[in-house]
Amino acid sequence: MSASLRRFIITRVLLTIPMVLILVTMIFFIMRILPGDPIRSQLGPRVSEEQANALRERLGLNRPLYVQYFDFLWDMVTLDFGTALTQGERPILDELGERMPATIELTIPAIAITAVIGIFSGAYAAKNRKKPVDYVIRLMSIVAYSIPVFFMGLIFQILFSVRLPVFPLAGRMDTLMMTTFESRTHFYVIDAILAQNWKALGSVLMHLVLPSVTLGLALSGVFVRLTRVNMIEMLQSDFITAGRARGLPERRLAYRHSLRNTFIPILTLLGLQFAILLAGAVLTETTFSWPGVGRYLVERIQLRDYTAVQATIAVFALFVAAVSLLMDILYAFIDPRIRY
Amino acid sequence: MKSKTLYMIIAVLVLFSMVMTACTPKATEAPVVEETTEAPVVEETAAETEAPAGVPDREFLWTPALRQAVAAAIDREVIVDRVFEGRNIPAYHMVPSGYPFATEPFLDKYGTRDLEMAIELVKSEGYTEDNPFTFDLFYPPEHYGTTTADVMQVIKEQLEETGVMKVNLQSMNWAEYVDAFVAGEIPFFILGWFPDFADPDNWLSPFASCIGSPDNGVFYCNEEMDSLLLAAASAPDPAEREALYQQIGELYAEEVPTLPLFWEPEFVTYRDGVEGVTIGAPFEFNYNVLSFAEDATPASGSRDTIIIGTTDEVNSLDPQDAYSTHDWEVLKNTGMALLSYTPGTSELVPGAAAELPTVSEDGLTYTYKIKEGLTFADGTPVTAQTFVDSWNRLNTLEGQVSGLIQLYVDSVEAVDDLTVAYHLKASFGFFPALSAAAPFIVANPANFAADAINQFPDKIDGIGAYRMVSHEVGQQMVLEANPNYIGEAPAIKNVIIRYFADPTTMANAIEKGEIDVAWRTLGPVEAVRLSSVEGMTTVTVEAPALRYMVFNHQYPYKPAE
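Going down the list, the sequences are from chains E and Y. Going by our numbering, the letters in the first sequence line up with residues 277 to 616, in that order. Going by our numbering, the letters in the second sequence line up with residues 102 to 662, in that order.
Right under this line is the structure:
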């Protein structure tokens, strides 16, 4: 690693600190400006004001706001996210530790499917520009990103699970199998491999198919169009014409030389989409009863669970920062012209 | 670069101070809830009342005549037909018809609808067609299902059909809504109610007593009603109670503290071959009476395991804290209150107690004999002291449910190893029904420490037919037959509760055969669809969930300037 790359990484990591700070500060105050409070939304109308006050005191919500804010900041610095205010007041790290792996396990194959479908059909369409296949692919890509993702999920469930019982309907693993399955990392794929439980691995992978294909397909539309446009531009560039003049085969020109050069915008979007997916997979998670972090965040916002929402957003911010850093570093490897 | 940083810091500081100022008063001060005798503080909101020339000034928005007018103008049967295609049942009293002493006072007084009476009553307050009585009607658009908005629309139409009332519909999200009605900020709104225990008192006192009504935003206080409610609640003689509840019903229809609308049914769907799905009025689903028929094809592939689907979430599994329907269901299957119900009915039978309690002459002490040889699932013996310890947990830990019991119970005493006595604050005749509620389930000290609430225990080794062996939040919970259960061993050894995020997925899951039973909350849309699918049965549960309209009795009358 060059010294300049190291400096770049250090600067980026340091810049993450104010970014996360601003974000969590905004969330801290916005949550409190929103009408409603976690006590009432949790306990409902049956609980007396005395009990509500007792709980408010126990959770520290009756302290002055600035005290709560600085306590929260200090907890963040020490990476102690505290405990949730609702639903059992469990430590947030435990809650996220269970939910985050579920979402990541869904997101990675979804992104992979998006990339494979998006890039290959986009490139193929570009190469066969204005031929029927180009129109078909473009049409399909518009369809893919216009269908609401939960609707696509529902259709897949009915088609490939209820009518044609090929894939399981919802959840992360076979119900009965899960009773004996011991989860250490909460990444079920990893857990199953670690335990060398191949039956469980099969079940986990089968359960991943419908939700990840749904999510992957829904996102692929954008990538088809992005790849196609960039590649068409690339195919018209001088170095391709030069290559063509030298008699290089068209297939090699397209897939080796052009496609490779369109990777920068694709990678950028892929990185952004991955970050968005962490929270944006809510609808897929709901349709497939996937116990992920997107659903968790929505539930907790509705319950006004301040600490849970703050911590989740902070973790997201860190994650987004990490992914965009990774993308920046990857650029240098893909494009030798980029130096830091 | 330096100046850029400086600007950034300044920007952050400005933002910080702005936000700080904006939200400080709201977040640091607990909402003020007024004593029941005083009018709640209300800020000026949208169109509330207009003062027609002939309307005399008054302190509160709602007068008895106006409440009666609303009661007379609403046609429940039309609401049920139009919005629910006849699936819901019109409610003519707060107390469900399956309960002892239930009557239909609203039907007796107003019939199904009396439009002329309504018009006359509103006019008697000085309003006319040109100067109609105008008020806001609030509702939460999602909390009670998407049908709420339609119900509100029909109510608005029916009230405005009088020509002398004008209704402004306002929706509010649930968290905000709860804040608003508890603080007395909204004049007229809808709520729902599930029973805590099977006694009429639980359907009346929370809305019509001076102590209970503010919690539900009613702010109603009437000495006659209060003394009648206390007398009825504490009368030991059933005949006397019946007479008192008859009287309360008549007074309720006259005074209209709240307005019952309809009973919303719950649905349960089970696959062919599943037997024993009986859910009665106390809303109890006993897993231990479930069984598979000879020709059943269990979803799990094993006759030893049944899978029950739900869209509910676990809030707390601590018996001295839990206060929601699903949590109580789990607790009652892993534990046993002093008394239980015969499955599918509201008939009280001994649970952890060996027999029904004996009552002292003054009606203040209920004494229970505990079953001999009762142990927790892990073998720890249960004695009278265990019940005292659980009461102490409830009383000292101040969990969500503590208020419900503290309202009635004064102290608990272990008379001997197998006898426990409950000393009440008044002679509440319904105490046996209350003692069938989940807070009367003893907590195993191995799962629940004496000094802390444990809402998410890893295991529950209770005294019920099952014990909880694992719980993956939001995914599934596994119950296994309790080897030390004092009753008959359940026919199906394992129960898996599978948690779904939405009713459609749950309905697809039962159609596909991934679950054996689809339970709360299937919702009317899926229930109707599943009722025509072969290979399964959908039934309407005879367990009432009430939807009712609330008048805020201390909402101030504000004639327009």
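Ideal Cβ positions, reconstructed from N, Cα and C, are used throughout, including at glycine. No experiment lies behind these values; they were computed from the predicted model shown.
Check	Outcome
C-alpha distance - ALA530 (chain E) paired with LEU511 (chain E), whole-angstrom precision	7 Å
Under the three-state DSSP convention, the category ILE554 (chain Y) falls into	coil
TYR730 (chain Y) - DSSP class collapsed to helix/strand/coil	For residue 730 (chain Y) there is no data in the structure shown, the boundaries of chain Y being 102 and 662.
Those residues which DSSP pairs with ASP466 (chain Y) across a bridge	Sequence inspection shows Thr at residue 466 (chain Y); the Asp mentioned does not correspond to that position. Per DSSP, Y:HIS524.
Extent of the continuous alpha helix (DSSP H) to which TRP492 (chain Y) belongs	485-498
Rounded straight-line distance, which links the Cα of MET195 (chain Y) to that of LEU647 (chain Y)	8 Å
Pairwise C-alpha distance: ASN548 (chain Y) and ALA147 (chain Y)	Residue placement at ALA147 (chain Y) is flagged as unreliable, the pLDDT there being 45, under the threshold of 50; the coordinate-derived value follows with that caveat. Rounded to the nearest angstrom, the two C-alpha atoms are 51 Å apart.
Coil, strand or helix - ARG630 (chain Y) by DSSP	helix
Backbone secondary structure at TYR211 (chain Y) - three-state DSSP	helix
Sufficient close CB pairs (3 or more, under 8 Å) joining the stretch 435-449 of chain Y to the stretch 496-514 of chain Y	no
Contact under 8 Å by Cβ, THR383 (chain E) with PHE564 (chain E)	no
Residues bridged to LYS267 (chain Y) (per DSSP)	Y:THR235
Among Y:ALA203, Y:ASN269 and Y:ILE611, nearest to VAL369 (chain Y) - alpha-carbon criterion	Y:ILE611
Through-space distance from VAL390 (chain Y) to GLY377 (chain Y), alpha-carbon basis	6 Å
Where PHE531 (chain Y) falls: helix, strand or coil (DSSP)	coil
Chain-ordered residues of the stretch 358-371 of chain E with a beta carbon less than 9 Å from chain Y	THR362, GLN363, GLY364, GLU365, ARG366 and GLU371
Start and end residues, alpha helix (DSSP H) containing ILE434 (chain E)	That residue, ILE434 (chain E), is in no alpha helix (DSSP H); it is neither H nor E in DSSP.
Residue environment, SER280 (chain E), which counts as buried when at least 16 other CB atoms sit within 10 Å	exposed
Counted within 10 angstroms of its Cβ, other Cβ atoms place THR287 (chain E) as buried (16 or more) or exposed	exposed
Inter-stretch contact (C-beta, 8 Å, three-pair minimum) for the stretch 350-360 of chain Y and the stretch 644-658 of chain Y	yes
Contact set between GLY492 (chain E) and chain Y, taken where Cβ atoms lie within less than 9 Å	Simply none; closest approach about 19 Å.
Simplified DSSP assignment, three categories, for ASN585 (chain Y)	coil
The stretch 470-482 of chain E touching the stretch 519-537 of chain E, judged by at least three CB pairs closer than 8 Å	no
Below-8 Å beta-carbon distance, ASP313 (chain E) vs any chain Y residue	yes
PRO657 (chain Y) vs LEU162 (chain Y) beta-carbon contact at 8 Å	yes
Rounded separation between ASP617 (chain Y) and ILE409 (chain Y) - CA only	6 Å
Cross-chain neighbours of ILE303 (chain E) in chain Y, by beta carbon under 8 Å	Residues of chain Y passing the Cβ test: none, with the nearest at roughly 11 Å.
Touch test, the stretch 419-427 of chain E against the stretch 552-568 of chain Y, Cβ-Cβ under 8 Å, three pairs minimum	no
Proximal residues of chain Y, C-beta to C-beta of PRO567 (chain E) below 7 Å	GLY575 and GLN576
Element boundaries [beta strand (DSSP E), containing ASP511 (chain Y)]	510-517
Residue-chain proximity (GLU430 (chain Y), chain E), Cβ-Cβ < 8 Å	no
Residue range of the beta strand (DSSP E) that includes THR406 (chain Y)	406-411
Beta-carbon separation (whole angstroms), THR503 (chain E) vs GLY398 (chain E), contact threshold 8 Å	3 Å
Within-8 Å CB hit, SER272 (chain Y) to chain E	no
Straight-line Cα distance separating PRO296 (chain Y) from GLN271 (chain Y)	28 Å
Residues near PRO206 (chain Y) by beta carbon distance below 8 Å, same chain, minus five either side	TYR193, HIS194, GLY350, GLU351, TYR353 and ALA354
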